[in-house]
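*Asks:* If you're matching them up, the sequences are chains A and B in order.
Using this note's numbering, read the first sequence as starting at 1 and increasing by one per residue.
Using this note's numbering, read the second sequence as starting at 1001 and increasing by one per residue.
Glycine included, every Cβ here is placed at the ideal spot set by N, Cα and C.
There's a structure below that I have some questions on.
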Amino acid sequence: MRVRRLLSVWTAKLISTACRMAGKQGVTLAGKVALRIDPAILRDLSAQVRKEIFVVCGTNGKTTTNNLLCAALEAEGGKVVCNHTGSNMLPGVAAAFALAARLNGRIDADYACIEIDEASTVRVFPHFKPDYMVLTNLFRDQLDRYGEIDITMELLDRAMKMAPEMKVIVNADDALSWYLASESGNPCVTYGVPEKTADTPSLNEIREGRFCKRCGERLDYEFYHYSQIGKYRCPNCGFSRPEADFKASGIDMGNGISFTVEGHRLRVGYRGFYNVYNVLAAYSAARLAGVRPRSFDRMLADFNPQNGRMEKFVIEGTEIVLNLAKNPAGFNQNISAVLEDGREKDIIIVINDNAQDGLDISWLWDVDFDRLREESVRSITVSGIRCQDMRLRMKYVDIPSELIQDVETAIKARLKDGCGNLYVLVNYTALYSTRGILARLEKADGKGLKKSR
Amino acid sequence: MKLIIGHLYPDLLNLYGDRGNIQCMKKRCEWRGIEAEVREFQLTDQVSFSDLDIVLLGGGSDREQMIVCQKLKEIQKDFRDYVEDYGSVLAVCGGYQLLGHYYDTDDGRMEGLSLVDLYTQQGSPRLISNVVIENESFDGPIVGFENHGGRTYIGENRPFGRVICGYGNNGEDGNEGVLYRNVVGTYLHGPLLPKNPHVCDYLLANALDRKYGTRKLEPLDDRQEWEANRYVAERFAR
Chain A
1 MRVRRLLSVW
11 TAKLISTACR
21 MAGKQGVTLA
31 GKVALRIDPA
41 ILRDLSAQVR
51 KEIFVVCGTN
61 GKTTTNNLLC
71 AALEAEGGKV
81 VCNHTGSNML
91 PGVAAAFALA
101 ARLNGRIDAD
111 YACIEIDEAS
121 TVRVFPHFKP
131 DYMVLTNLFR
141 DQLDRYGEID
151 ITMELLDRAM
161 KMAPEMKVIV
171 NADDALSWYL
181 ASESGNPCVT
191 YGVPEKTADT
201 PSLNEIREGR
211 FCKRCGERLD
221 YEFYHYSQIG
231 KYRCPNCGFS
241 RPEADFKASG
251 IDMGNGISFT
261 VEGHRLRVGY
271 RGFYNVYNVL
281 AAYSAARLAG
291 VRPRSFDRML
301 ADFNPQNGRM
311 EKFVIEGTEI
321 VLNLAKNPAG
331 FNQNISAVLE
341 DGREKDIIIV
351 INDNAQDGLD
361 ISWLWDVDFD
371 RLREESVRSI
381 TVSGIRCQDM
391 RLRMKYVDIP
401 SELIQDVETA
411 IKARLKDGCG
421 NLYVLVNYTA
431 LYSTRGILAR
441 LEKADGKGLK
451 KSR
Chain B
1001 MKLIIGHLYP
1011 DLLNLYGDRG
1021 NIQCMKKRCE
1031 WRGIEAEVRE
1041 FQLTDQVSFS
1051 DLDIVLLGGG
1061 SDREQMIVCQ
1071 KLKEIQKDFR
1081 DYVEDYGSVL
1091 AVCGGYQLLG
1101 HYYDTDDGRM
1111 EGLSLVDLYT
1121 QQGSPRLISN
1131 VVIENESFDG
1141 PIVGFENHGG
1151 RTYIGENRPF
1161 GRVICGYGNN
1171 GEDGNEGVLY
1181 RNVVGTYLHG
1191 PLLPKNPHVC
1201 DYLLANALDR
1211 KYGTRKLEPL
1221 DDRQEWEANR
1231 YVAERFAR
C-alpha cells in the first residue's frame, strides 16, 4: 500500500507545518492522523532503518538521554530519526518517523533514537522491536495516569517480553530498574556510579522500592546517591546491585560535571548530579553502537538541546536557567542543582495540572522544599494554574512566597526587581509556554548577549 | 499542651503526599503554641497506641497494602481499643480500605482491621478525579483528589461527606468516606488537610478534647488555605 504510505507521510508533514505556523507543536496530531491513514506506517518506516533502533524509557532523564545519544550517533556521521521534542506516546513516535521520511515515503536513516513513555511501550512494540532499550530509573510520577509504580513496572515487563532479543541498558544503581531488567530474560548491559560521591546531602526523601521486589524483605543500603538510587542488597535473597559494565568515577561537580568512564574523562556544562546518569546512559548506548569516546566527549562540549532542560537565557542582563521538574525525584534533584549555584538567586516555580502533567498535584508535598530555606535564595515566586497549592506548600515549611498566577507577569516582575540570577522551575505543560515566553523576551531584548553555557 | 501523632508504616503507606497531612497537623499545632511530636512506626516496631493522640494511616500500592495487612492483625486489638476510646484517626485511601472488614481483589481477599463496619470490592475502571464534598458539620466544602480501584460500602455509617463532584466511595451512592467516633476515613488525598483547614482542626480539636478536655483552638490566618480550597471548589463543582 505505497499510496497510503505516501498520503500518510505527506499529511503528517502538512499538519506539522501548519501547526508550527500557528505557533503550536502539532506533533501528536500529525502522528495520530498518519496512523489513521496508514496503520502500517510506523512498521514500514522503522523497518527501513539500516542499523539499530534505540528506545529510551524510565521516569526521569528520557529526553536528555535520548537527545545526547542522538547527538553522539550524529557526531560519528550517522543519520538518526529522533523524537527530539519529547512527544513520547504512540502518535509522537509515529510522527517522528513520518516527519523524517522523504516525500517519496522512504526514510534515509542509520539509527533511530526514540524515547517512549513507559505505559506506551506495549502500544509501540507491536510496530517494531527495538534492538536496545535504555532504562534510566523508576520513580513515582503522574500517579493518576498510571495508578501506581507497580503498574508501570508490569507494563514495562510486558514490553520487554514482547521483544525478547532487545538488549536492556539499565541503571544498575536503581533496584527497581535492575530488578525489572534482570528478571525479564532479556540480555542486559549495566551502568552505574559505584562509589559514594562527596557532599550529596542525605535527604529525608521519599524513596521507592525499599523492599526487595524479589522476596519482599527490606533492602539494605550501603549508601544512597539520591532517592532510592544507590548501593543496595537484600539480606534475605541476595538480590543486589550488580557490578556495572560502564562505571562513572572521579565525579567532579565544581563547574558543570566531569567524570571518568572507561578511562576517558567526560565533561558537560550541566549542573545536577542526575545528569551524571543521563550522560552515562547515553555514553553506554553510544559505545554499544560503536561511537568512539573522543567523539562522545566532543559532542558533549557543544551539546545545547534548547528544550528547557537546564536551558539558559539572558534577558535584560538577568541570567535565567529554565528547568523541567515534574515529579518528587526530579524536583529534589532540581533543588540540589539550584543550590549547587552558591550565588544569590530568585526562583520562580510554575505548576500546572493539565492532563499531561497529571491532574493530581499531591506529589508537591513529597518534594523537600524546605531545603530552599537558604540565605542565597532571595525570593520565591509561585505561578501557573495551581500556584495556590504551591504557595500553600511553601507556607507549611514556613517559607514565604509571592503568588503571580500569570507566568509572563511573574518573569517580568523578577527581571525588574530580581538579583540578576533567576531559576525558573516548571512542570511539563508549563515548559513549552514558559520556554516560548523566555525565547520571545530574549529576542526582544535584542542585546541578546550570546548564550554562555 | 502536646499532641503525639503516630504515622503508621510510612515506608509502605506513603502514596500521594501523605507527608503533607502530617506536616499540616504539626504546623497548625505549632502555630498555636501546642507542641506536636510525630512518631513514625515501621513494620517491626511496637505501636504504643496508649501514647498516641492522632494516628495517620496512609495509602500504598495494592502490593504494599498486602504486606501491611499481614502485620495489622497483630495490632488489631490495641488499634480497636484506641478507636473505641475515641482516639483520632485519619485513614486515607488504602488506609481507609484497611479500616474495614475486607478488600476483595482479583487476587483474593485482603483482611482488614474491622475497626469500622465497611467493606471494599475491587472494581474497574479506577475512579480518578478531583473531588468536592459537603458536610453540614464542616464549615465549607472539602476538596481533594481521588484515585482508587476499590469500591467501598459503608452501610449505615455516617459518610465523611456528600459528593458534589467526583466519585466518592463507590461512584454509586453519592457518599464519600466515613466518620465513626473520632475516625475519619476517606479516599481524598491532595493531600487532604492543607486545603481543608477545617478538617485538620476537627482532628486536632477531637484529640485535645480527649486528652485535655478542651476543644479550644486559637484561630489562624487561613486566607491562603481557603483561597486554594475555593479555587478547587469553584473550578470543579460549578
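For chain B, find out if any of its Cβ atoms is closer than 9 Å to the Cβ of A/Ala12; answer yes or no.
*Replies:* For this step, residue 12 of chain A is matched to residue 12 along the first sequence. No, no contact with chain B.
*Asks:* If we cut at 9 Å on Cβ distances, does A/Val321 have a partner in chain B?
*Replies:* Here residue 321 of chain A corresponds to residue number 321 of the first sequence, with the count starting at 1. Closer than 9 Å: no.
*Asks:* With a threshold of 9 Å between beta carbons, is B/Leu1043 in contact with chain A?
*Replies:* Along the second sequence, one-based indexing puts residue 1043 of chain B at 43. Interface residue, yes.
*Asks:* Let me know the secondary structure DSSP gives B/Pro1219 once reduced to three states.
*Replies:* For the purposes of this step, residue 1219 of chain B is identified with residue 219 of the second sequence, where counting begins at 1. Coil at B/Pro1219, not helix or strand.
*Asks:* Output needed for B/Arg1019: all residues of its chain with C-beta closer than 6 Å, excluding positions within five of it in sequence on either side, in chain order.
*Replies:* Here residue 1019 of chain B refers to the residue found at position 19 when the second sequence is read from its first residue. Excluding residues within five positions, none has a Cβ falling inside 6 Å.
*Asks:* For a quick check, are the C-beta atoms of A/Ala119 and A/Val81 less than 9 Å apart?
*Replies:* Sequence index remark: in the first sequence, residue 119 of chain A carries index 119 (1-based). Sequence index remark: in the first sequence, residue 81 of chain A carries index 81 (1-based). Contact: no.
*Asks:* Determine the direct distance from the alpha carbon of A/Gly31 to that of A/Leu14, and round the result to whole angstroms.
*Replies:* Looking up residue 14 of chain A in the first sequence gives position 14. Looking up residue 31 of chain A in the first sequence gives position 31. Near 11 Å, if we compare the C-alpha coordinates of A/Gly31 and A/Leu14.
*Asks:* State the start and end residues of the unbroken alpha helix (DSSP H) segment that holds A/Leu372.
*Replies:* By one-based count along the first sequence, residue 372 of chain A stands at place 372. Careful: A/Leu372 lies outside any alpha helix (DSSP H) and carries neither H nor E.
*Asks:* By Cβ distance below 7 Å, which residues in the same chain neighbour B/Gly1247 in space, the five residues on each side in sequence not counted?
*Replies:* Here chain B covers residues 1001 to 1238 and nothing more, so residue 1247 of chain B does not appear.
*Asks:* Do you know offhand how far A/Gly209's Cα is from A/Ile149's?
*Replies:* The residue labelled residue 209 of chain A in the question sits at position 209 within the first sequence. The residue labelled residue 149 of chain A in the question sits at position 149 within the first sequence. Roughly 9 Å separates the two Cα atoms.
*Asks:* Mind pulling the chain B residues with CB within less than 8 Å of A/Glu148?
*Replies:* Counting from one through the first sequence, the residue named residue 148 of chain A turns up at place 148. Under the 8 Å cutoff, chain B gives Leu1015, Ser1061, Asp1062.
*Asks:* Would B/Leu1003 be called buried (16 or more neighbouring beta carbons within 10 Å of its own) or exposed?
*Replies:* For the purposes of this step, residue 1003 of chain B is taken as the residue at position 3 of the second sequence. Buried.
*Asks:* Quick check: the Cα distance between A/Cys237 and B/Val1068, rounded to an integer number of angstroms?
*Replies:* Taking the first residue of the first sequence as 1, we reach residue 237 of chain A at position 237. Taking the first residue of the second sequence as 1, we reach residue 1068 of chain B at position 68. Each residue's Cα considered, the two are about 20 Å apart.
*Asks:* Using a Cβ-Cβ cut-off of less than 8 Å, give me the residues of the stretch 1174-1207 of chain B that come near chain D, in sequence order.
*Replies:* Looking for chain D here will not work: the only protein chains present are A and B.
*Asks:* On the DSSP letters alone, give me the boundaries of the beta strand (DSSP E) that A/Phe313 sits inside.
*Replies:* Your numbering for residue 313 of chain A matches position 313 in the first sequence. A/Phe313 -> beta strand (DSSP E) spans 311-315.
*Asks:* Secondary structure at A/Met89, three-state DSSP: helix, strand or coil?
*Replies:* Indexing the first sequence from 1 puts residue 89 of chain A at position 89. The answer is coil: DSSP assigns A/Met89 none of H, G, I, E or B.
*Asks:* Where does B/Asn1170 land, buried or exposed, given buried means 16+ other C-beta within 10 angstroms?
*Replies:* Here residue 1170 of chain B refers to the residue found at position 170 when the second sequence is read from its first residue. Label assigned to B/Asn1170: buried.
*Asks:* List the DSSP bridge partners of A/Leu135.
*Replies:* Here residue 135 of chain A corresponds to residue number 135 of the first sequence, with the count starting at 1. DSSP lists A/Cys57, A/Val170 as partners of A/Leu135.
*Asks:* Mind listing, in chain order, the continuous alpha helix (DSSP H) runs of no fewer than 4 residues lying wholly within the stretch 298-373 of chain A?
*Replies:* Those alpha helix (DSSP H) runs which fall completely within the stretch 298-373 of chain A and span 4+ residues are 328-340.
*Asks:* Among residues of its own chain, excluding the 5 on either side of B/Asn1130, which ones have a beta-carbon nearer than 6 Å to its beta-carbon?
*Replies:* Sequence index remark: in the second sequence, residue 1130 of chain B carries index 130 (1-based). If we look at B/Asn1130 and ignore the five residues flanking it on each side, its Cβ neighbours are Phe1145, Phe1236.
*Asks:* So B/Gly1123 and B/Arg1151 are supposed to be a Cβ contact under 8 Å. How far apart are they, rounded?
*Replies:* In the second sequence, the residue the question calls residue 1123 of chain B occupies position 123. In the second sequence, the residue the question calls residue 1151 of chain B occupies position 151. 4 Å between Cβ atoms; contact.
*Asks:* Could you work out which residue in A/Leu99, A/Ile53, A/Thr64 is closest to A/Arg271 when comparing CA atoms only?
*Replies:* On the first sequence, position 271 is the one that residue 271 of chain A refers to. When only C-alpha atoms are compared, the closest one is A/Thr64.
*Asks:* Answer yes or no: does any C-beta atom of chain A fall closer than 9 Å to that of B/Asp1011?
*Replies:* Locating residue 1011 of chain B in the second sequence gives position 11, counting from the first residue. So yes, B/Asp1011 belongs to the interface.
*Asks:* Per the DSSP calculation, A/Ser8 is bridged to which residue(s)?
*Replies:* Residue mapping note: residue 8 of chain A aligns to position 8 of the first sequence, counting from 1. Paired residue(s): none; A/Ser8 is not in a bridge.
*Asks:* Between the Cα of A/Arg371 and the Cα atoms of A/Arg386, A/Arg393, A/Ala47, which residue gives the shortest distance?
*Replies:* In the first sequence, the residue the question calls residue 371 of chain A occupies position 371. Ranking the options by Cα distance to A/Arg371, first place goes to A/Arg393.
*Asks:* Assess, as a yes-or-no matter, whether the stretch 334-346 of chain A is touched by the stretch 272-284 of chain A under the definition of 3 or more beta carbon pairs within less than 8 Å.
*Replies:* Judged by Cβ distances under 8 Å, the stretch 272-284 of chain A makes contact with the stretch 334-346 of chain A, as three or more pairs qualify.
*Asks:* Pull up the distance between the alpha-carbon of B/Arg1223 and that of B/Gly1140, whole angstroms please.
*Replies:* Counting from one through the second sequence, the residue named residue 1223 of chain B turns up at place 223. Counting from one through the second sequence, the residue named residue 1140 of chain B turns up at place 140. B/Arg1223 and B/Gly1140: Cα-Cα distance of roughly 13 Å.
*Asks:* Using a threshold of 9 Å, state whether the C-beta atoms of A/Val377 and A/Leu403 are closer than that.
*Replies:* Taking the first sequence and counting its residues from 1, the one referred to as residue 377 of chain A is at position 377. Taking the first sequence and counting its residues from 1, the one referred to as residue 403 of chain A is at position 403. Contact flag unset, no.
*Asks:* Alpha carbon to alpha carbon, how far is B/Met1025 from B/Ile1005? Give it in angstroms, no decimals.
*Replies:* Indexing the second sequence from 1 puts residue 1005 of chain B at position 5. Indexing the second sequence from 1 puts residue 1025 of chain B at position 25. Taking the straight line joining both Cα atoms gives about 8 Å.
*Asks:* Excluding five sequence neighbours on each side, which residues of the same chain lie with their C-beta closer than 6 Å to the C-beta of A/Cys387?
*Replies:* Taking the first residue of the first sequence as position 1, residue 387 of chain A is located at position 387. Leu403, Gln405, listed in sequence order.
*Asks:* Any idea which residues DSSP pairs B/Lys1002 with across the strands?
*Replies:* Position 2 of the second sequence, counted from the start, is the residue given in the question as residue 1002 of chain B. Answer by DSSP bridge pairing, in chain order: B/Glu1035.
*Asks:* With 16 other CB atoms within 10 Å as the buried threshold, where does A/Val3 fall?
*Replies:* Stepping through the first sequence from its first residue, residue 3 of chain A is reached at position 3. Classification for A/Val3: exposed.
*Asks:* With DSSP run on the structure shown, which of helix, strand or coil describes A/Gly230?
*Replies:* Residue numbering aside, residue 230 of chain A sits at position 230 when the first sequence is read from its first letter. Strand, per DSSP.
*Asks:* Just the C-alpha distance for B/Asn1175 and B/Leu1203, rounded to the nearest angstrom, thanks.
*Replies:* Numbered from its first residue, the second sequence carries residue 1175 of chain B at position 175. Numbered from its first residue, the second sequence carries residue 1203 of chain B at position 203. Answer to the nearest angstrom: the Cα atoms are 20 Å apart.
*Asks:* What's the gap between the Cα of A/Thr260 and the Cα of A/Thr28?
*Replies:* Locating residue 260 of chain A in the first sequence gives position 260, where the first residue counts as 1. Locating residue 28 of chain A in the first sequence gives position 28, where the first residue counts as 1. Approximately 39 Å between the Cα atoms of the pair.
*Asks:* To the nearest angstrom, how far is it from the Cα of A/Tyr221 to the Cα of B/Thr1044?
*Replies:* Stepping through the first sequence from its first residue, residue 221 of chain A is reached at position 221. Stepping through the second sequence from its first residue, residue 1044 of chain B is reached at position 44. Their Cα atoms are separated by approximately 18 Å.
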